[in-house]
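To start, the structure under review is shown below, and the notes come after it.
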Amino acid sequence: MHRRHVLSGLLCLSTAGAIGCLPNIGHAASAVSVDSLPKLKGSLTLYLGRGEGGLYEDILKAIEKRNPDLELKIRRGPSTALANTLVAESRFGNPRADVFWSIDAASLGLVVRASDPDPVDAELANLLRPEYRYEQWLPISGRFRTLAFNSATLGSDALPRDVMRLPETDFSFGWAPAYGAFQSFVTAMRILEGEDQTGAWLEAMAPKSKSYAGELGVVMATSRSERDVGFANHYYTLRLKQGRPDAPVDLAFTRNDAGCLLNASGVAILRRSQLANDFVRHLLTTEVQGYLAREAFEVPLLQGVESPKGLPPVAELQPPKVDLEQLADLRPTLSLLRSTGVL
Amino acid sequence: MNTLSLRSIVLAAAITLLMPEPAWPHGDRDEEKLAEFQLHLDSYQEDVASMIDTVAGITNNAAATKADVDALIQQWEDVSVHEAIEDKATLAYPGVWQALIQLQQAVVAEAGVEDAGESVKAALWQGMGALRMAATMAVPTDAQSDAEGELLSGPESIAAIINDLNSAVASYVDGDAALAEKTIFDTYENRFEYLEGDLIPKDPDLVTALEADFNATLPLLFKQGADEIAVRRAVANMTTQLETAKTILEQVEAQRGDVF
Numbered sequence: 000m001h002r003r004h005v006l007s008g009l010l011c012l013s014t015a016g017a018i019g020c021l022p023n024i025g026h027a028a029s030a031v032s033v034d035s036l037p038k039l040k041g042s043l044t045l046y047l048g049r050g051e052g053g054l055y056e057d058i059l060k061a062i063e064k065r066n067p068d069l070e071l072k073i074r075r076g077p078s079t080a081l082a083n084t085l086v087a088e089s090r091f092g093n094p095r096a097d098v099f100w101s102i103d104a105a106s107l108g109l110v111v112r113a114s115d116p117d118p119v120d121a122e123l124a125n126l127l128r129p130e131y132r133y134e135q136w137l138p139i140s141g142r143f144r145t146l147a148f149n150s151a152t153l154g155s156d157a158l159p160r161d162v163m164r165l166p167e168t169d170f171s172f173g174w175a176p177a178y179g180a181f182q183s184f185v186t187a188m189r190i191l192e193g194e195d196q197t198g199a200w201l202e203a204m205a206p207k208s209k210s211y212a213g214e215l216g217v218v219m220a221t222s223r224s225e226r227d228v229g230f231a232n233h234y235y236t237l238r239l240k241q242g243r244p245d246a247p248v249d250l251a252f253t254r255n256d257a258g259c260l261l262n263a264s265g266v267a268i269l270r271r272s273q274l275a276n277d278f279v280r281h282l283l284t285t286e287v288q289g290y291l292a293r294e295a296f297e298v299p300l301l302q303g304v305e306s307p308k309g310l311p312p313v314a315e316l317q318p319p320k321v322d323l324e325q326l327a328d329l330r331p332t333l334s335l336l337r338s339t340g341v342l
Numbered sequence: 000m001n002t003l004s005l006r007s008i009v010l011a012a013a014i015t016l017l018m019p020e021p022a023w024p025h026g027d028r029d030e031e032k033l034a035e036f037q038l039h040l041d042s043y044q045e046d047v048a049s050m051i052d053t054v055a056g057i058t059n060n061a062a063a064t065k066a067d068v069d070a071l072i073q074q075w076e077d078v079s080v081h082e083a084i085e086d087k088a089t090l091a092y093p094g095v096w097q098a099l100i101q102l103q104q105a106v107v108a109e110a111g112v113e114d115a116g117e118s119v120k121a122a123l124w125q126g127m128g129a130l131r132m133a134a135t136m137a138v139p140t141d142a143q144s145d146a147e148g149e150l151l152s153g154p155e156s157i158a159a160i161i162n163d164l165n166s167a168v169a170s171y172v173d174g175d176a177a178l179a180e181k182t183i184f185d186t187y188e189n190r191f192e193y194l195e196g197d198l199i200p201k202d203p204d205l206v207t208a209l210e211a212d213f214n215a216t217l218p219l220l221f222k223q224g225a226d227e228i229a230v231r232r233a234v235a236n237m238t239t240q241l242e243t244a245k246t247i248l249e250q251v252e253a254q255r256g257d258v259f
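Here the protein sequences line up with chains A and B, keeping their order. So for the first sequence, numbering that gives the first Met the number 0 puts the first residue at 0; every next one is plus one. So for the second sequence, numbering that gives the first Met the number 0 puts the first residue at 0; every next one is plus one.
Structure representation (structure tokens):
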């Protein structure tokens with residue numbers, strides 16, 4: 000039986016947004032500075048699912064510069080492709096990565112299911128907020144599903160806080176059904192609400208919605224008043240606003256449903272060692288977390304690190320309890336999107 | 000935004016909506032077989048032949064119903080060649096689904112069933128052909144190779160994308176439209192997508208225009224067998240936009256703060 004499924008029945012201490020947790024840890028330690036960490040020495044093989052704008056690479060360069068005795072061997076590629084490689088390596092008994100850093104939780108779920116690594120050390124898990132702890136991998140940073148709305152014509156109060164009630168409104172919507180993030184959102188809705196409810200929601204929303212090639216297009220159409228509301232990850236709106244502060248688009252959040260799903264990038268330590276643990280601790284420092292929040296608008300999941308500018312404090316948001324590893328189960332979602340004519 | 004850009008985005012949506020992200024179902028995916036897919040081509044061809052027999056059973060039966068096509072779609076869901084095409088011949092994958100849905104609609108409408116059946120057969124054979132090409136392709140595209148190689152900076156990535164575009168044009172002129180299309184797909188997936196974050200705050204219109212060109216304008220020209228002049232004109236337009244992107248990225252990277 001899969002370990003996450005064993006754990007999913009156990010307690011999650013936070014009432015707001017628990018997505019998975021270890022059973023024996025109640026509080027997060029405060030994030031620490033890199034200055035408090037030991038120097039990294041030795042050879043480490045990292046499989047790196049490419050991240051935002053090469054910023055992950057900047058972080059790795061900085062770690063290497065700071066730790067001249069670290070020999071970092073990096074294999075780069077799309078997260079999905081590297082996950083497939085790691086699964087194949089595990090099947091053939093030849094896993095070659097010490098650490099897998101992926102931009103999406105689904106890839107990590109696939110890999111830990113195939114390779115069944117040792118549980119994450121408590122000293123590492125302790126660094127994360129309790130609601131963001133998984134047994135065999137560690138979230139590094141998050142991204143929220145949001146409702147981007149045209150702030151020239153709507154106030155956030157006009158939007159229901161329940162994503163399932165959106166079909167009852169008269170708003171026009173924009174979405175990008177071919178986009179992986181949208182499909183993860185629908186997958187989360189399937190998990191939370193069931194197939195029938197999700198199918199009905201898609202059918203009801205389809206006549207009100209216009210499809211775009213990507214979620215930036217959705218947000219831009221919303222800012223141009225082509226659409227009242229758009230479905231998109233939070234950072235598209237924040238990036239657009241960074242360049243165009245007066246753009247009439249803002250973020251609204253539903254509560255405890257797929258509309259405010261928090262997905263995560265993360266790492267799995269596939270060959271446990273002190274070096275691998277210490278390397279991951281570098282990714283969870285205040286400096287790296289702050290860098291990701293500042294430069295990539297990613298959401299820190301540690302105590303003591305501020306959210307990106309323009310995003311409410313994480314503690315105020317209420318993402319749903321979803322096992323992120325289940326978001327890999329895309330085939331039923333694609334079938335549903337096709338059967339409802341959305342895709 | 001001008002009319003052409005809007006049209007491009009609509010086209011991009013139309014194309015990309017037919018290209019679902021690879022799915023990873025729990026438990027029913029044979030990773031071992033996929034990892035050695037080139038050893039199973041005969042088995043995949045048997046799957047295709049079996050499906051084509053089913054298609055023939057539908058097109059030759061004047062009383063065929065939607066349930067018969069649903070059974071065909073279920074057969075497609077079950078055969079091993081499905082995941083092989085989905086994973087190893089991604090560009091051919093949406094065409095199979097599109098043809099199946101067209102057949103379903105034709106059967107319901109009781110019109111054009113034979114033509115729709117032929118489209119399904121053609122899409123399946125195209126998928127099979129793309130699988131064979133993937134199995135024999137000894138050299139990956141540059142974009143794939145770099146995925147495992149050294150990191151390129153943003154401006155270096157733009158230079159590599161322009162090289163990929165020129166390489167795609169050369170392939171197209173040589174008569175290999177499939178390789179040209181794959182090169183464009185790879186360079187978008189493996190290079191451009193990772194630059195978007197830095198470009199959006201500076202010029203979001205540029206990003207959406209380039210997304211449309213990568214996903215719709217250029218692939219459509221290849222599919223339609225457009226003349227070389229039209230293809231070169233489209234690439235020249237993209238190159239101009241990419242040069243603008245390069246300038247932006249140089250500025251962004253120069254201003255970026257330190258990690259530690």
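For glycine and all other residues, C-beta sits at the position ideal for the given N, C-alpha and C.
Between residue 218(A) and residue 30(A), the C-beta gap is not smaller than 7 Å, which leaves the two residues out of contact. Taking each of 33(B), 208(B) and 50(B) in turn and checking the Cα distance to residue 118(B), the smallest one comes out for 50(B).
Three or more beta-carbon pairs separated by less than 8 Å link the stretch 182 to 196 of chain A to the stretch 256 to 264 of chain A, which places the two stretches in contact. Under the three-state reduction of DSSP output, residue 96(B) falls in the helix class.
Using a Cβ-Cβ cut-off of 7 Å, residue 290(A) is close to 258 of chain B, given in chain order. Within the same chain, Cβ atoms closer than 8 Å to the Cβ of residue 154(B) are found at 245, 248, 249 and 252, the five residues on either side in sequence being excluded. Under the three-pair Cβ rule at 8 Å, the stretch 216 to 231 of chain B does not count as touching the stretch 190 to 199 of chain B. Rounded to whole angstroms, residue 191(B) and residue 96(B) show a C-alpha spacing of 27 Å.
Nearest to residue 158(B) by alpha-carbon distance, out of 211(B), 242(B), 36(B) and 54(B), is 242(B). For residue 107(A), the enclosing alpha helix (DSSP H) covers residues 104 to 114. In this structure the stretch 329 to 338 of chain A does not touch the stretch 269 to 287 of chain A; the number of beta carbon pairs closer than 8 Å is below three.
Taking the CA atoms as reference points, residue 323(A) sits about 20 Å from residue 282(A). If you keep only unbroken beta strand (DSSP E) runs of at least 3 residues inside the stretch 260 to 321 of chain A, you get 261 to 268. DSSP assignment within the stretch 158 to 191 of chain B yields the following whole alpha helix (DSSP H) runs of 4 residues or more, N-terminal first: 176 to 189. Within its own chain, the residues whose Cβ lies closer than 7 Å to the Cβ of residue 87(B), once the five positions on either side in sequence are excluded, are 36, 130 and 133, listed in chain order. Listed by position along chain A, the residues whose Cβ is nearer than 8 Å to that of residue 211(B) are 212. Residues of chain A with a Cβ closer than 7 Å to the Cβ of residue 201(B) are, in chain order, 242. Flagged as an interface residue toward chain A: residue 214(B), by a C-beta distance shorter than 7 Å. For residue 240(A), the three-state secondary structure derived from DSSP is helix. Per DSSP, reduced to three states, the secondary structure at residue 48(A) is strand. Using a Cβ-Cβ cut-off of 9 Å, residue 287(A) is close to 258 and 259 of chain B, given in chain order.
Residues 179, 221, 227 and 230 of the same chain have their beta carbon placed closer than 8 Å to that of residue 171(B), with the five preceding and five following residues left out of the count.
Judged by DSSP secondary structure, residue 139(A) falls outside any alpha helix (DSSP H) and instead within the beta strand (DSSP E) spanning 137 to 149.
Taking CB atoms only, residue 246(B) has no neighbour in chain A less than 7 Å away. Of the residues assessed, residue 38(B) falls on the exposed side of the cut-off, its CB having fewer than 16 other CB atoms within 10 angstroms. Residue 140(A) holds the alpha-carbon nearest to the alpha-carbon of residue 103(A) among 140(A), 156(A) and 89(A). In the three-state scheme derived from DSSP, where H, G and I count as helix and E and B as strand, residue 126(A) is classed as coil.
Residues of chain B with a Cβ closer than 8 Å to the Cβ of residue 198(A) do not exist, since the nearest Cβ in that chain sits about 16 Å away.
With 16 or more other Cβ atoms inside 10 Å of its own Cβ, residue 297(A) counts as buried.
Between residue 259(B) and residue 100(A), the alpha-carbon positions lie close to 20 Å from each other.
Here residue 306(A) is buried, its C-beta having at least 16 other C-beta atoms within 10 Å. A straight-line Cα-Cα distance of about 39 Å links residue 55(A) and residue 78(B). In this structure, residue 214(A) keeps its C-beta atom at 7 Å or more from the C-beta atom of residue 234(A).
Take the alpha-carbon of residue 111(A) and the one of residue 265(A): they are about 12 Å apart.
Sorting 47(B), 46(B) and 105(B) by C-alpha distance to the C-alpha of residue 62(B) places 105(B) at the top.
Against chain B, the CB of residue 216(A) has a partner CB under 7 Å away; the residue lies at that interface.
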